[in-house]
Structures are given as structure tokens and as C-alpha cells.
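For reference, the structure is listed below as C-alpha cells.
2 protein chains.
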Amino acid sequence: MKQVRVYLAGPEVFLPNAREQLDAKIELTRAAGLIPVSPGDLEIPQTPTKKQKGHTISGIDEQLMRSADAIIANLTPFRGISADTGTCYELGFMCALGKAAYAYTNMSADHHARAVAHYAGHVAPDAHGRLRGSDGMAVEDFDMIDNLMMHGGIERRGGVVVVGNAPVGALYTDLTAFKEVLAIAAARLLA
Amino acid sequence: MKQVRVYLAGPEVFLPNAREQLDAKIELTRAAGLIPVSPGDLEIPQTPTKKQKGHTISGIDEQLMRSADAIIANLTPFRGISADTGTCYELGFMCALGKAAYAYTNMSADHHARAVAHYAGHVAPDAHGRLRGSDGMAVEDFDMIDNLMMHGGIERRGGVVVVGNAPVGALYTDLTAFKEVLAIAAARLLA
Numbered sequence: 000m001k002q003v004r005v006y007l008a009g010p011e012v013f014l015p016n017a018r019e020q021l022d023a024k025i026e027l028t029r030a031a032g033l034i035p036v037s038p039g040d041l042e043i044p045q046t047p048t049k050k051q052k053g054h055t056i057s058g059i060d061e062q063l064m065r066s067a068d069a070i071i072a073n074l075t076p077f078r079g080i081s082a083d084t085g086t087c088y089e090l091g092f093m094c095a096l097g098k099a100a101y102a103y104t105n106m107s108a109d110h111h112a113r114a115v116a117h118y119a120g121h122v123a124p125d126a127h128g129r130l131r132g133s134d135g136m137a138v139e140d141f142d143m144i145d146n147l148m149m150h151g152g153i154e155r156r157g158g159v160v161v162v163g164n165a166p167v168g169a170l171y172t173d174l175t176a177f178k179e180v181l182a183i184a185a186a187r188l189l190a
Numbered sequence: 000m001k002q003v004r005v006y007l008a009g010p011e012v013f014l015p016n017a018r019e020q021l022d023a024k025i026e027l028t029r030a031a032g033l034i035p036v037s038p039g040d041l042e043i044p045q046t047p048t049k050k051q052k053g054h055t056i057s058g059i060d061e062q063l064m065r066s067a068d069a070i071i072a073n074l075t076p077f078r079g080i081s082a083d084t085g086t087c088y089e090l091g092f093m094c095a096l097g098k099a100a101y102a103y104t105n106m107s108a109d110h111h112a113r114a115v116a117h118y119a120g121h122v123a124p125d126a127h128g129r130l131r132g133s134d135g136m137a138v139e140d141f142d143m144i145d146n147l148m149m150h151g152g153i154e155r156r157g158g159v160v161v162v163g164n165a166p167v168g169a170l171y172t173d174l175t176a177f178k179e180v181l182a183i184a185a186a187r188l189l190a
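For the protein sequence lines, the chains are A and B, in the order given.
Residue numbering for the first sequence follows numbering that gives the first Met the number 0, beginning at 0 and increasing consecutively.
Residue numbering for the second sequence follows numbering that gives the first Met the number 0, beginning at 0 and increasing consecutively.
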């Protein structure tokens, strides 16, 4: 059996039941024949300052990523219309290292739809036909779930982005889309 | 003179006056003795679908990043309380490649303060003393300007994060913090 390590990135580390949710993803990953690598797997040593604690976690997570062969990123919007920024950093990190990259979102509305909603529909084309929000910022429209660097970075490497549609109240806990992308990743990574 | 190429990442690509703003940063970078590498420097060829256009831009920007020796990322919050997700991907990408990393923000309120404001102050410690928002999500507190992967990733590599305080209405155009971090980066990269 091939030994393939998969880094599980996403905002579930912030959940009240983070440990339970991470453990559920870890178990599913193991059941799929892959070796789960999860933020929170290593103990965080005590540090004198808050910032040093942040540095320590950053260092541990980068070390875990380097030890992995692939990433499955949860790009479900977090505190706004876009993915968790730490997860985005991690996805870029893994793509740069040439690791296999997969992602999912639990929100069916794509990036364009969410940006239009952010402006409460107050978007209009500029003189060049480019759609802009009420603050003048361009509203992207690439049939993608988030910024093109993420969605494009995954698909250009042969990875897959699965779009789910979690029930109300289960945006960060529903595992339907995760299971789907996990099955795809496992079939490819273990082939 | 050393030839050092610096990738200029940030959400100004979405501005109504994007070209003008990017050109201002390019000129300042050149004046500092560095070679600017900016998204939008290369022509985007026509593509049959919107998604293929996104893929093309993603590929060009990754190519530009690989050609650069360093990144200066504009982590000013964009459409919410966090940095532009594409910029976060790019920062992770460059950090993984071992490039020098610098960043700035034009908002003086740090990540913790912005998260507390996101919950309109409705945050409280849980049974373990960890601060949580009204949705139960943990509110980070690391003396950092954004998620610890970004701020930590930069500082752990010896990079610098400059915190500005742009005037109202100039959140994406004020160049005070950019100039400050550019001067630090130039002094180090050209040493």
C-alpha cells in the first residue's frame, strides 16, 4: 500500500468542537487509505508572549505541510465572503512545493454571487464593461469558488474543487463535500 | 548593483484606478533600487471561457512569482475583516519557495480588534478561557495583523510587517506603509 500523507487545512480549528470535527476528518481520511496530517496534531509549547505562540503554531503547521504529499483545503467562506486566510496561505504554500492540491466548499453560491451579495446587488459595469461594486472595486466573474489564484492553482495542477451545499447551521460541520473530494483524491493519490 | 526582483501582491488590481496605483508602486520600487514584478505586467491572451481566463491569470501570476526574489504583500483587509485571499495564497507560495517576505497593512486595528468588531463586541471566554464570538468561533489574539500563518510566516523568515493607518477614503491608495516596508526591504535585499 502506498503511504500518502494529506494535510487537512480549514477553519474548523476555530470551532467550539474543533477536536471532534478534526477527528472526524482524520478518521475519514484514514478510512480512505490516506495518512491524515492535521493542524493541532502537535503539542504547542508554552511561550512568553502571544506573538511567539503565533510564531510557534506557524512553524509547526509549516513543518506538518512539508511532511505531507497533498492538501485538501476547506475553502468554505469564513467571517465574510471569502475563505479563511490561513487556509489560503497554506494552499499557496503546498502548490508552490508541487504537492497535489484539492479543495471543497460547503457553500454553493460561487465567488461572484457572494461578491454581488456583498454589495447588496449594487454592482454595475464600468465604461470598459467590467463589473464593479458600489465602492468601485472590480467584481470577479471566473466561475470559481474564490479568488482565481486558489481555484486556478488547484485545477491547473490537475486537482479538483468540489462544491457542496451544507444545510443551514452545518456550514462548518457538514462533511458531504469533504467526503466527495476525499474519495477523488484517494483514488488518484493511491493509483 | 544587485538585481533583486520583488513581487508586488495586493488587492489594488481590483481598484477603478488599478493601473495608476500599480504604476505608482512600480515606480517607488524602482526608485528604491529594486526590480518591480507586478500582476498585470503580462498580457492576458483571449480564452474561450471565463474559467480558462482565471486559469491563465493564475498561471501568469505564478510564473511572475517564481521569477521574483521577494514579495511585498498588501494585507489591508478587503471586503471584510481579512486580507485579500489571492494575496494570502501568493504570500504562502513565496514563503514555501524560500523567497524573502514582507508585508504591510493600511489598517491600524489588528486582527483581534477587527474580529471583536465583526461580532459587534459580543465575544466571551469559554470554559477553557478561550475567547469566542457569538457563533462559537475562536477569536485569535496573537498581536498580529491577520491569521498567524501570514504574520508568523513573514516574521519567522526574518521579514517585517509594517502597520499603517491610512486616512479615511484612502485605504487602498495610501502608500505611506508601503514606502516604509519598501525602504526596509530594499536596505536588506540590496545589502
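Glycine included, each C-beta is placed from N, C-alpha and C at the ideal position.
Note that this is a predicted model, so its numbers are computed, not measured.
I'd like to know if residue i contacts chain B, where contact means its C-beta is closer than 9 Å to some C-beta of that chain.
i: residue 124/A; result: no
i: residue 85/A; result: yes
i: residue 4/A; result: no
i: residue 187/A; result: no
i: residue 9/A; result: no
i: residue 19/A; result: no
i: residue 121/A; result: no
i: residue 82/A; result: yes
i: residue 166/A; result: no
i: residue 128/A; result: no
i: residue 44/A; result: no
Quick check: the Cα distance between residue i and residue j, rounded to an integer number of angstroms?
i: residue 2/B; j: residue 157/B; result: 20 Å
i: residue 104/A; j: residue 154/B; result: 30 Å
i: residue 44/A; j: residue 115/B; result: 26 Å
i: residue 132/B; j: residue 72/A; result: 23 Å
i: residue 16/A; j: residue 84/A; result: 20 Å
i: residue 147/A; j: residue 141/A; result: 7 Å
i: residue 186/B; j: residue 35/B; result: 15 Å
i: residue 66/A; j: residue 112/A; result: 36 Å
i: residue 39/B; j: residue 0/A; result: 45 Å
i: residue 52/B; j: residue 138/A; result: 15 Å
i: residue 164/A; j: residue 145/A; result: 15 Å
i: residue 31/B; j: residue 176/B; result: 14 Å
i: residue 127/B; j: residue 179/B; result: 40 Å
i: residue 55/A; j: residue 122/A; result: 42 Å
i: residue 21/A; j: residue 26/B; result: 47 Å
i: residue 189/B; j: residue 77/A; result: 39 Å
i: residue 184/A; j: residue 97/A; result: 15 Å
i: residue 101/B; j: residue 23/B; result: 18 Å
i: residue 92/B; j: residue 143/B; result: 20 Å
i: residue 149/B; j: residue 94/B; result: 9 Å
i: residue 119/A; j: residue 37/A; result: 37 Å
i: residue 168/A; j: residue 108/A; result: 16 Å
i: residue 46/B; j: residue 166/B; result: 40 Å
i: residue 33/A; j: residue 33/B; result: 45 Å
Under 9 Å between C-beta atoms, does residue i make it to chain A?
i: residue 12/B; result: yes
i: residue 96/B; result: yes
i: residue 61/B; result: yes
i: residue 136/B; result: yes
i: residue 139/B; result: yes
Let me check understanding here. Comparing Cα to Cα, which of the options lies closest to residue i?
i: residue 125/A; options: 13/B, 7/B, 4/B, 6/B; result: 13/B
i: residue 171/A; options: 162/B, 135/B, 174/B, 169/B; result: 135/B
i: residue 9/B; options: 129/B, 87/B, 99/B, 100/B; result: 87/B
i: residue 182/A; options: 29/A, 18/A, 20/A; result: 29/A
i: residue 110/B; options: 127/B, 53/B, 162/B; result: 162/B
i: residue 19/B; options: 188/B, 4/B, 190/B, 173/B; result: 173/B
i: residue 57/A; options: 151/B, 22/B, 27/B; result: 151/B
i: residue 129/B; options: 23/A, 49/A, 41/A; result: 49/A
i: residue 74/A; options: 99/A, 11/A, 68/A; result: 11/A
i: residue 99/B; options: 22/B, 160/B, 60/B; result: 160/B
i: residue 117/B; options: 149/A, 118/A, 79/A, 93/A; result: 79/A
i: residue 42/B; options: 33/B, 62/B, 24/B; result: 62/B
i: residue 60/A; options: 108/A, 7/A, 23/A; result: 7/A
Contact check, residue i vs residue j under 8 Å by CB: the rounded distance?
i: residue 64/A; j: residue 89/A; result: 6 Å
i: residue 5/B; j: residue 69/B; result: 5 Å
Any Cβ of chain D within less than 9 Å of the Cβ of residue i?
i: residue 72/A; result: Here chain D cannot be found, since the structure's protein chains are A and B.
- Report the residues of the segment 141 to 163 of chain B with a CB closer than 7 Å to any CB of chain A, ordered along the chain. Against chain A - using a Cβ distance shorter than 7 Å - the residues of the segment 141 to 163 of chain B are 141, 142, 143, 145, 146, 147, 148, 149, 150, 151, 152, 154, 155.
- Task: Could you name the residues of the segment 26 to 42 of chain A whose beta carbon sits closer than 7 Å to any beta carbon of chain B, in the order they occur along the chain?
- Result: Taking 7 Å as the Cβ-Cβ cut-off against chain B, none of the residues of the segment 26 to 42 of chain A qualify.
- Which residues, taken in chain order from the segment 88 to 115 of chain A, show a beta carbon closer than 8 Å to some beta carbon of chain B? So the list reads 88, 89, 90, 91, 92, 93, 94, 95, 96, 114, given in the order they occur along the chain.
- Taking only beta carbons into account, state which residues of the segment 47 to 58 of chain A come closer than 7 Å to chain B, listed in chain order. Look at the segment 47 to 58 of chain A: the residues with a C-beta under 7 Å from a C-beta of chain B are 49, 50, 52, 53, 54, 56, 57, 58.
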